[in-house]
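Here the sequence shown is numbered in the numbering used here, starting from 13 and rising by one per residue. I have placed the structure first, in the form of structure tokens, so that the comments after it can refer back to it.
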Amino acid sequence: MLLPQTKEREYRFKLALRMGLPIFALIIAFISHTLISNYKTLQSSFFSEAVLLVLVSIYFIFYLIYNGFKVKITDDISGTFSREYLYEYLKKEIQNKKEYTLILISIDNLSDINNIYGIKNGDKVLQEVVKSLAAYFKKENIENFPIGHIKGGDFIIGLEGSHDKYLHTIDMLCLTFSDFKVDNIEVKLSFAIVDTHYSQDLDYLMEYLFEELEKNKDSKNGFKTEEINPNELEASVIKAIKNKSLITMSQDIFENGEVVLRECFIKLQTDTKMIFPKTYLKVINKLGLGIDFDLMVLEDIAQKCHNNDVRCAINISPTSLRNDTFLLRVKEILEQNNVKIMFVLSEMEYYSHISKYKRIIESLQSLGITFAIDRLGSIHTSFLYLRELPVDAVRFDTYYSKEERLQVHRSVIEGFCTMAHSKGIKTWIKNIETQAAYELAKEYKIDYIQGKYLSDLENKQERK
């Protein structure tokens, strides 16, 4: 048992004793008085009743104490509903109301506030934001609405009715809080909104809100409703993976005017529509189907590119790459097919066991697989992996693909190229769409160049 749990148990026991002593004293006084004044006429049942009264009192006190701690309605810091109670409350509201809207309000810079101004000021910011929100909604004649603290600086508000009813209110809320301060501390707020037309499942609604929040942070008016029902989307993704229904498209990649690589792009095929990576990847990650999906893609590419002289590049999840089952199956696929493969890796969080990661890459390189790190110049992990892993190529983030950005960030691109080339690593840029951008890429000595200017996407045969 952890120390906090031990201390909490001690605290509850001491509190139970403090509450119980006066009651026990009254019971003992009552029993004593009865014994002294009526000892001649007392029936034998009195003693069993007295013992039973004491035991019931003890049980009642301890029951109240321990269960009272389990049921917590409000958050200590913000004074809003606790997450557990809010979820329970909202599920009932969604079930009982025909239309219901949820609004996510997030303090984006709460972590910075805690670090710079201290945790106490961070707590004060949480309290003042809640008070200001309550005051704003009161002016809009919206009162007695549920608001709860989800995590960090994230709050959820529930309102009866469809989201169309509140879009203007939220737009004005964004403007009102665009320059919000608490004791001269700048507070940056972001908002997202969804209603039960999207889903009746609270978990799906919450996921959608946090996804939309990321999209809306830099947008003045980015509220929109997702068309695909999440239940249907999950079922479609699961069915497509189970049936191995996918569509493969590819694009040639050039070095010195010759095709040296071919990148493959995957879409999932359902009975009625195609599902694009931006949509299906979040479902795959949520359902824990990443390894199954990556193996399906690898098997498909291995068959289509069998005995092909051009190496095929496919995106593989780094978490799959570090899975023993996945690695074993990869080796089996390579033994069964004469295919040249490149794994393209991208990861937001740095994997600290770098020596293990390095050994995995080297073991697969010995089997003929090459590796590329994606999104160089955009996420810090790509730079760290360029520095520490024995990869074969690094690809610049698509941010640098435009002609004007190639010009503005010349020193950054040339610096990364110099670093990569000094380690014997090829550089790669995609989405080159104009001759001017192509000429700049060659001038910067980028090895692999990819884009519509050089080659269009090719639609390969659908596999079912």
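Cβ coordinates follow ideal geometry from the N, Cα and C atoms, glycine included.
According to the Cβ coordinates, are residue i and residue j closer than 7 Å?
| i | j | result |
| --- | --- | --- |
| I169 | I205 | no |
| I444 | A453 | yes |
| I89 | L138 | yes |
| S202 | D120 | yes |
| L357 | L379 | no |
| V351 | H318 | yes |
| L187 | T113 | no |
| Y412 | T393 | no |
| I385 | Y369 | no |
| L225 | S118 | yes |
| I39 | V66 | yes |
| E267 | Y450 | no |
| F428 | L388 | yes |
| E140 | V194 | yes |
Is it buried or exposed for residue i, if we count other Cβ within 10 angstroms and need 16 for buried?
| i | result |
| --- | --- |
| F93 | buried |
| P330 | buried |
| R274 | buried |
| D230 | Caution applies to D230, whose pLDDT of 49 falls short of 50 and renders its modelled position unreliable; the value that the coordinates give is listed next. D230 comes out exposed. |
| A147 | exposed |
| Q462 | buried |
| F235 | Caution is warranted here: a pLDDT of 44 is assigned to F235, below 50, making its placement in the model unreliable, and the coordinate value is therefore given only provisionally. The residue is buried, with at least 16 neighbouring Cβ atoms inside 10 Å. |
| Y75 | exposed |
| N233 | Residue placement at N233 cannot be trusted, given a pLDDT of 43 that sits under 50; what the coordinates show is reported in the next sentence. It counts as exposed. |
| V309 | buried |
| E359 | buried |
| H180 | exposed |
| S257 | buried |
| R323 | buried |
| S332 | buried |
| Y71 | exposed |
| A41 | exposed |
| H175 | buried |
| F222 | exposed |
Tell me, please, which residues DSSP counts as bridged to residue i.
| i | result |
| --- | --- |
| S262 | C276, E470 |
| H161 | F167 |
| I287 | L280 |
| D207 | T113 |
Distance cutoff 7 Å, beta carbons only. Does residue i sit that close to anything in chain B?
| i | result |
| --- | --- |
| L145 | Judged by its chain identifiers, the structure shown contains no chain B, having just a single protein chain. |
How big is the Cα-Cα spacing for residue i and residue j?
| i | j | result |
| --- | --- | --- |
| L376 | R334 | 11 Å |
| F36 | S49 | 20 Å |
| A437 | S390 | The sequence shown places Ile at residue 437, rather than the Ala named in the question. If you take the alpha carbons of I437 and S390, they lie about 18 Å apart. |
| D283 | I303 | 24 Å |
| Y97 | I162 | 10 Å |
| F189 | K414 | 34 Å |
| E246 | T291 | 10 Å |
| I372 | E344 | 16 Å |
| K285 | K279 | 10 Å |
| K177 | E111 | 11 Å |
| N126 | K200 | 13 Å |
| H209 | F338 | 39 Å |
| I159 | F167 | 7 Å |
| A325 | S262 | 9 Å |
| N241 | S211 | 7 Å |
| T237 | M184 | In this predicted model, T237 has a pLDDT of only 41, less than 50, meaning its place in the structure is not dependable enough to derive any value. |
| I381 | V403 | 10 Å |
| E22 | D213 | 39 Å |
| K227 | K294 | 14 Å |
| K435 | V272 | 20 Å |
| D264 | E470 | 9 Å |
Closest to residue i by CA distance: which of the options is it?
| i | options | result |
| --- | --- | --- |
| F277 | I154, D306, L65, F189 | D306 |
| L418 | A405, L396, E455 | E455 |
| V366 | D336, L339, L401 | The sequence given here has Ile at residue 366, not Val. Ranking the options by Cα distance to I366, first place goes to L401. |
| F25 | I73, P34, N133 | I73 |
| T446 | S434, I106, D468 | D468 |
| F270 | K294, I296, D321 | Note that residue 270 corresponds to Glu in the displayed sequence, not to Phe. Checked all of K294, I296, D321; the closest Cα to E270 is D321. |
| E198 | G164, S123, K316, S423 | S123 |
| N196 | N153, G134, K442 | G134 |
| G173 | Q107, E374, V249 | Q107 |
Consider the C-beta atom of residue i and the heavy atoms of the ligand MG; say whether any pair is separated by less than 6 Å.
| i | result |
| --- | --- |
| D283 | Only the bare structure without any ligand can be found here, which leaves the ligand MG out of the picture. |
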